[in-house]
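Written out below as structure tokens is the structure these notes cover.
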Amino acid sequence: RLTIRVKEAEPLRAIFATLHEGGHALYDQGFPPELRGTLLADGPSVGLHEAQARLWENQVGRSLEFWAHYYPLLRDAFPSRLADLDVPAFHRAINVVTPGTSRMTADEATYSLHILLRYELEIALLEGGLTVPDLPAAWAELSRKYLGVVPSSMRAGCLQDVHWALGEFGYFPTYTIGNWYGAQLFEAYLKTATRPARSGAEGLAELRQWLSEKVYRRGAELDAEDLILEATGERLAVDAFFRLLERRFEEMR
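The number in the working numbering is simply the position in the sequence shown, starting from 1, with 173 added.
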């Protein structure tokens, strides 16, 4: 089962959420049958699991190739809102860089700043340098420092995520690690891809098959760093993330 939140006035949020959670689902569905029922039928780290989600959400879902194929279907579903937008204009619109207070709707360029903010605050909470009553003010100050914006309420600030309420301290950095792993994997895939990356069902099937061979079938037989090294030729690095981000903005010129 795949579960997302839907706001009827913001269909793109549902689309990107589906791509994200669908990436998790493809990973879980992709473990080989012989590993089912064992501890190896899992990802070796949460960061690598988030990599699958962030790869489909961003490297696929924010690409020009993906929307060159699927945008006509979206325009047919929302003709009154999208009639005057062609594919390049729509592609630019979904990749606008605008610092805001929401992590879930943040663009790729500012997303990790939201993670850095949370990481610093949870470390301070765990080490005792920050008390829970002081959290809202500390959040607002770091938001101003890193993003240049201040939330209008605690709901838009320190209460916007469920992670801490669920006791998931230490989870947030896995999103940034996922961004980096995902970019490394996708860049490695592009070196061998035979179809236009991310375009149409056949291109997406090729990507899924590549991930199945390089990631899914290994389950937790290797730790995350060794799996990434085997699949891409290097351990965790940020270079691929910035190269792909620069490529995306070059596409919009």
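The beta carbon of each residue, even a glycine, is placed where N, CA and C say it ideally should be.
Model, not experiment: these values are computed from the prediction.
Same chain, Cβ closer than 7 Å to residue i, neighbours up to 5 away in sequence not counted
{"i": "His336", "result": "Tyr344, Phe345"}
{"i": "Ala198", "result": "Leu175"}
{"i": "Ile401", "result": "Tyr354, Gln357, Arg408, Leu409"}
{"i": "Cys331", "result": "Leu308, Pro309, Trp312"}
{"i": "Arg391", "result": "Leu400"}
{"i": "Tyr389", "result": "Tyr200, Gly203, Phe204"}
{"i": "Thr271", "result": "Asp280"}
Test item: CB-CB of residue i and residue j under 9 Å
{"i": "Asn268", "j": "Phe422", "result": "yes"}
{"i": "Ala226", "j": "Gly351", "result": "yes"}
{"i": "Asp396", "j": "Pro205", "result": "no"}
{"i": "Asp215", "j": "Ala404", "result": "no"}
{"i": "Glu424", "j": "His193", "result": "no"}
{"i": "Glu375", "j": "Ala366", "result": "no"}
{"i": "Arg276", "j": "Asp334", "result": "yes"}
{"i": "Val233", "j": "Leu363", "result": "no"}
{"i": "Thr347", "j": "Val179", "result": "no"}
{"i": "Leu298", "j": "Phe342", "result": "yes"}
{"i": "Leu246", "j": "Pro261", "result": "no"}
Cβ-based neighbour list, residue i, same chain, cut-off 6 Å, excluding 5 preceding and 5 following
{"i": "Met327", "result": "Pro309"}
Anticipated Cβ contact below 8 Å, residue i with residue j, distance rounded
{"i": "Gly203", "j": "Ser385", "result": "5 Å"}
{"i": "Leu294", "j": "Trp312", "result": "6 Å"}
{"i": "Leu315", "j": "Thr283", "result": "In fact, because the Cβ distance is near 13 Å, the residues do not count as touching under 8 Å."}
Local conformation of residue i per DSSP, three classes
{"i": "Pro217", "result": "coil"}
{"i": "Arg186", "result": "helix"}
{"i": "Pro245", "result": "helix"}
{"i": "Arg235", "result": "coil"}
{"i": "Arg265", "result": "helix"}
{"i": "Pro306", "result": "helix"}
{"i": "Ser285", "result": "helix"}
{"i": "Phe342", "result": "coil"}
{"i": "Leu395", "result": "coil"}
{"i": "Phe275", "result": "In the sequence on display, residue 275 carries Ser and not Phe. In the structure shown, Ser275 sits in coil (DSSP, three-state: anything other than H, G, I, E or B)."}
{"i": "Gly301", "result": "coil"}
{"i": "Pro206", "result": "helix"}
{"i": "Val260", "result": "helix"}
{"i": "Thr176", "result": "coil"}
{"i": "Gly376", "result": "helix"}
{"i": "Arg426", "result": "coil"}
{"i": "Arg328", "result": "coil"}
Short CB-CB distance (under 9 Å) between residue i and chain B
{"i": "Asp396", "result": "Among the chains of the structure shown, chain B does not appear; only one protein chain is present."}
Sequence-distant residues of the same chain with beta carbon closer than 8 Å to residue i, five excluded per side
{"i": "Ile177", "result": "Ala187, Ala190, Thr191, Glu194"}
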